[in-house]
Amino acid sequence: MAKEKFTFQAEVGKILDIVAHSLYSEKEVFLRELISNASDACDRLRYASIAKPKLSDDGDEFKIKIDIEKKLSELKISDNGIGMSKKELIESLGTIARSGTQAFIKNLSDNDKNSKDIESSLIGQFGVGFYSAFMVAKKIIVHSRKAGINQSWSWISDGKGSFEIEPSSKENVGTDIILTIDDENKEFLEENRIESVVKKYSDHIAQPVVMKTKEKEEKVLNSASALWTRDKKSITEEQYKEFYHHVGMAYDDPWMIMHNKAEGIISYTNLIFIPSTRPFDIFNPDRKSNLKLYVKRIFITDDCESLIPPYLRFVKGIIDTDDIDLNISREMLQNNPVVSKIKSALIKRVISELKKKAENDSDNYVKFWEAFGPVLKEGIHEDFANRDKILEVSRFQTSYSDKLTSLKDYVSRMKKGQDYIYYLSGEDKEKLSQSPHLEGFRAKGVEVLYMTDPVDEFWLPSVEKYSEKSFQSITRGSADLDKIKSKDADKKDKKDEKKENIDKLIASLKVVLGKEVKDIKSSERLTDSAVCLVAGEGDMDMHLEKLLKQHQQLDTTSQKILEINPSHPLIKNLLKVVDNEEKKNEIFDDAAWLLLDQARIIEGQSVLDPNKFTKRMNTLIQKGITL
């Protein structure tokens, strides 16, 4: 069969260039990547052999071999794993089938200032570890024979834009990767150098990594044991980190390590990690957790939706159990009672450890919350059984201080007569802190939570109470601040002049504005601003309505209630205008519409009619009326 030539997919060619010239600070990691791939190939064959024993008829122990040929400047990494077919060689080593790759690469090219942060996430996110070998090799040859297929194939490339595929004479199942080391990287043809790299990065690999010495003897370079099966006391922090880097395809260090062995009705071991850095695609709806399921140390699947809920998708690591059949399918996992029990226990374990960290190391917990809090809060909406536990470990921005607060601490600070946990929703704390809706609450010394994550709008309606206190948006319904006692506010109320009757003003405003507003009321929540808009008691929260419109899930805008501040000089002046029939006819209509436009602007909305708004403003300015 003739040799065939293929051109790399355009974006792959660019990745090759980035990997080879700028991605890694340490070239030695190429060996880690190749060994990890070899280990995965062995695991896949081990699992496939359960259903089809003939795939591993030779009965050889799974092993990863490293051979050095100094005279030829060749470094060879071999495995007796599942191997690759011709099609798989082309698809795996010639393309990268991942959504968003091209855009990500463009981001890398256009943002040199932040290249280190971007570069650190590239390999783990897109599975291009194989290409790291071009950092040290001027040519790579891959010989592979897939288990169950008689024909073997070779893949050859210099990494400069194309590769070739041709039949191979390889007889045994597995993959041989031969690197022709370039002149600048001859150190990777030294036995001591190879041994140190393997020990550093791949000591935990379940398969033995062996190398022929100068004496032609095979030397095992790693401990060849699954890390999670070892006693915790025998495992160093560095070993945990390296395992995390391997299993999680991560380049940060873990924020938390949970290594536990459960024994009883159901037995399993978990070695799971919470990252210290949030992945760039954490909010991608298609993103899945990086959790692997093993049964009796045999890899089963990394598609573990049945083991971990979406709101814990930032968790990485492994679960190993003896209580599931080895031949279980992905579909069977979804309805397996053992899996369900492990999932339940795992959720409780993670939340429990988070609670301990929050109570004992609050400053460090803040780092976790800033990275993954918005994701964890999805569980308040999705997981009814664990809702209360998630609420306990949740943290919120607040008008009380610059520090995050728990709901427990918020409730402990509630004022006498305060019946609700008050909150304000919006895009960020800075904007929310300037909202006129806060004025009355500040005057009374009432704390307000800032809900700045989109997910907040979805869990809040589903949570009836916390510690017997209901949640209440300060932009919806009546403020009911009169019941809340505050010494400072009471003193201020006593000093205030007797409020004028504004019923006549409200009636006049209703005539002018008509159906543009749902109602017009005197405000309890305003102290400094003249007006604001609020939603009705049973209406949708204004920020939620805005979000739904932005995502084209809502076509109409509900009518709002216009609240006016009777103590504001502008409102007092308008009351005088109402009593003056001549003056009222001259300016009142323009003033009424400007009040409504002002309230809309405060909420980040557009004015009803920019041209009319400008004309009205100019008219009133000319007449000496300040709005």
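Here the working numbering is used: the first residue of the sequence shown is 182, the next is one more, and so on. Just so it is clear, CB atoms sit at the ideal spot from N, CA and C, and this is done for glycine as well.
Range covered by the beta strand (DSSP E) that runs through residue 546: Counting from one through the sequence shown, the residue named residue 546 turns up at place 365. Looking at the DSSP string, residue 546 is not in any beta strand (DSSP E); the run it does join, the alpha helix (DSSP H), is 543-557.
- Message: Do residue 322 and residue 346 count as a contact pair if the criterion is CB distance below 7 Å?
- Response: Here residue 346 refers to the residue found at position 165 of the sequence shown. Here residue 322 refers to the residue found at position 141 of the sequence shown. Cβ atoms of residue 346 and residue 322: not closer than 7 Å.
- Task: Please say whether residue 241 and residue 261 have beta carbons closer to each other than 7 Å?
- Result: As a first step, residue 261 must be located in the sequence shown, where it is residue number 80. As a first step, residue 241 must be located in the sequence shown, where it is residue number 60. Closer than 7 Å, so yes.
Review point. How big is the Cα-Cα spacing for residue 330 and residue 228?
Key: Position 149 of the sequence shown, counted from the first residue, corresponds to residue 330. Position 47 of the sequence shown, counted from the first residue, corresponds to residue 228. Cα to Cα, residue 330 sits roughly 17 Å from residue 228.
Going along the chain, which residues of its own chain have a beta-carbon closer than 7 Å to the beta-carbon of residue 755, five neighbours each way excluded? As a working mapping, residue 755 is identified with position 574 in the sequence shown. Closer than 7 Å at Cβ, skipping near neighbours: 686, 772.
- Query: If you run the structure through DSSP and keep just helix, strand and coil, what is residue 713?
  - Reply: Here residue 713 corresponds to residue number 532 of the sequence shown, with the count starting at 1. In the structure shown, residue 713 sits in a strand (DSSP, three-state: E or B).
For residue 793 and residue 610, what's the separation of their Cα atoms in angstroms? Counting from 1 along the sequence shown, the entry for residue 793 is found at position 612. Counting from 1 along the sequence shown, the entry for residue 610 is found at position 429. Cα-Cα distance, rounded: 33 Å.
Under a Cβ-count criterion, where at least 16 other Cβ atoms within 10 Å of its own Cβ denotes burial, should residue 513 be classed as buried or exposed?
Here residue 513 is taken as the residue at index 332 of the sequence shown, counted from 1. Looking at its Cβ environment, which holds fewer than 16 other Cβ atoms inside 10 Å, residue 513 is exposed.
Residue closest to residue 359, alpha-carbon to alpha-carbon, out of 371, 442, 630, 257 = Position 178 of the sequence shown, counted from the first residue, corresponds to residue 359. The shortest C-alpha separation from residue 359 is found at 257.
Collapsed DSSP secondary structure at residue 318 in the structure displayed = By 1-based counting over the sequence shown, the position of residue 318 is 137. Of the three classes helix, strand and coil, the one that applies to residue 318 here is strand, per DSSP.
Note to self: Does the segment 363-372 come into contact with the segment 406-423, if we say contact requires no fewer than three beta-carbon pairs (one atom in each stretch) closer than 8 Å?
What the structure shows: no
Checklist entry - Does the Cβ-Cβ distance between residue 814 and residue 714 come in under 7 Å? => result Outside the modelled stretch of the chain, which goes from 182 to 808, sits residue 814, for which no answer is possible.
### Message
Let me confirm a value: residue 565 is counted as buried when at least 16 other C-beta atoms fall within 10 Å, else exposed. Which label applies?
### Response
Taking the sequence shown and counting its residues from 1, the one referred to as residue 565 is at position 384. Its Cβ having fewer than 16 others within 10 Å, residue 565 is exposed.
query: Considering residue 684, what are the terminal residues of the alpha helix (DSSP H) in which it resides?
result: For this step, residue 684 is matched to residue 503 along the sequence shown. Element bounds for residue 684: 684-694.
_Taking contact to mean 3 or more Cβ pairs, one atom from each stretch, closer than 8 Å, check whether the segment 560-576 and the segment 617-635 are in contact._
With the cut-off at 8 Å, the segment 560-576 and the segment 617-635 do not touch.
- Item | For residue 591 and residue 289, the rounded distance between their alpha carbons | Taking the sequence shown and counting its residues from 1, the one referred to as residue 289 is at position 108. Taking the sequence shown and counting its residues from 1, the one referred to as residue 591 is at position 410. With a pLDDT of only 48 at residue 289, under 50, the local geometry of the prediction cannot be trusted, and the value read off the model is given with reservation. So the alpha carbons of these two residues sit roughly 42 Å apart.
Next on the checklist: Using a 10 Å radius around the Cβ and a threshold of 16 neighbouring Cβ atoms, would you call residue 653 buried or exposed?
Outcome noted: Translated into positions along the sequence shown, residue 653 becomes position 472. Classification of residue 653: buried, given that the 10 Å Cβ count is 16 or more.
Exercise for review: Classify residue 346 as helix, strand or coil using the three-state DSSP reduction.
Suggested key: Position 165 of the sequence shown, counted from the start, is the residue given in the question as residue 346. In the structure shown, residue 346 sits in a strand (DSSP, three-state: E or B).
Alpha-carbon spacing of residue 506 relative to residue 232, whole angstroms: One-based indexing of the sequence shown puts residue 506 at position 325. One-based indexing of the sequence shown puts residue 232 at position 51. If I take the Cα positions, the gap works out to 12 Å.
Looking at the strands, I want to know which residues DSSP matches up with residue 435. The residue given as residue 435 occupies position 254 in the sequence shown. For residue 435, which the question treats as bridged, DSSP gives the partners 456.
Quick one: any contact between the segment 411-431 and the segment 382-400, if contact means 3 or more CB pairs under 8 Å?
-> Three or more Cβ pairs drawn from the segment 411-431 and the segment 382-400 lie within less than 8 Å of each other, which places the two stretches in contact.
### Query
Where residue 646 and residue 526 are concerned, what is the direct C-alpha to C-alpha distance, given to the nearest angstrom?
Here residue 646 corresponds to residue number 465 of the sequence shown, with the count starting at 1. Here residue 526 corresponds to residue number 345 of the sequence shown, with the count starting at 1. Computed Cα separation, rounded: 25 Å.
- Can you tell me which of 761, 660, 708 puts its alpha carbon nearest to the alpha carbon of residue 718? Counted from its first residue, the sequence shown places residue 718 at position 537. Checking every option, the nearest Cα to that of residue 718 belongs to 660.
Just to confirm my understanding: we take residue 571, look at its own chain, exclude 5 residues before and 5 after, and list those with CB closer than 6 Å. What are they? For the purposes of this step, residue 571 is taken as the residue at position 390 of the sequence shown. So the list reads 560, 561, once near-sequence residues are dropped.
Margin query: Considering only the alpha carbon of each residue, which of 211, 516, 463 lies closest to residue 488?
Written below: The residue you call residue 488 lines up with position 307 of the sequence shown. Among 211, 516, 463, the Cα nearest to that of residue 488 belongs to 516.
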